[in-house]
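Here is the structure we will look at.
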Amino acid sequence: MLVRLASRSVSYGMVSGPIVMGSRHMASRVVERPEKIPQPSEQVPDVTTFLKKIGRNCIEHEKHFDSWEKLMTVSSQELKNAGVDTRDRR
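Mapping the sequence shown onto UniProt numbering, position 27 (from 1) lands on 27, and the numbers just tick up by one.
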């Protein structure tokens with residue numbers, strides 16, 4: 001059985017193809033962030049309220065976010081470099 005993915009051949013069984021690409025390789029690709037940033041709502045009007053609502057004492061990380069846009073666009077790596085724990089980054 002031969003399956004073609006993104007102009008690469010993947011082989012199963014006795015048939016061989018030029019490149020064997022597993023799902024682990026495909027999962028490691030970087031996903032681009034969407035351009036549209038969610039807007040604050042009546043229930044969550046600002047960064048402080050958002051961090052209080054998600055709990056886990058995340059309010060202590062408020063100093064890392066000077067705006068709503070920064071909160072919604074910050075990468076996990078940037079948070080890691082700022083010393084935010086893995087659980088809080090999620």
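Ideal placement from N, C-alpha and C gives every residue a C-beta, glycine not left out.
Computed from a predicted structure; not experimentally measured.
Counting only runs of 4+ residues, the alpha helix (DSSP H) found wholly inside the segment 29–72 occupies 47–54, in chain order. About 6 Å separates the beta carbon of valine 47 from that of tryptophan 68, a gap short enough to meet the 8 Å contact definition. Per DSSP, reduced to three states, the secondary structure at aspartate 88 is helical. Take the alpha-carbon of methionine 72 and the one of phenylalanine 65: they are about 9 Å apart.
Within the same chain, Ile59 come within 7 Å of lysine 52 by CB-CB distance, once the 5 residues on both sides are set aside.
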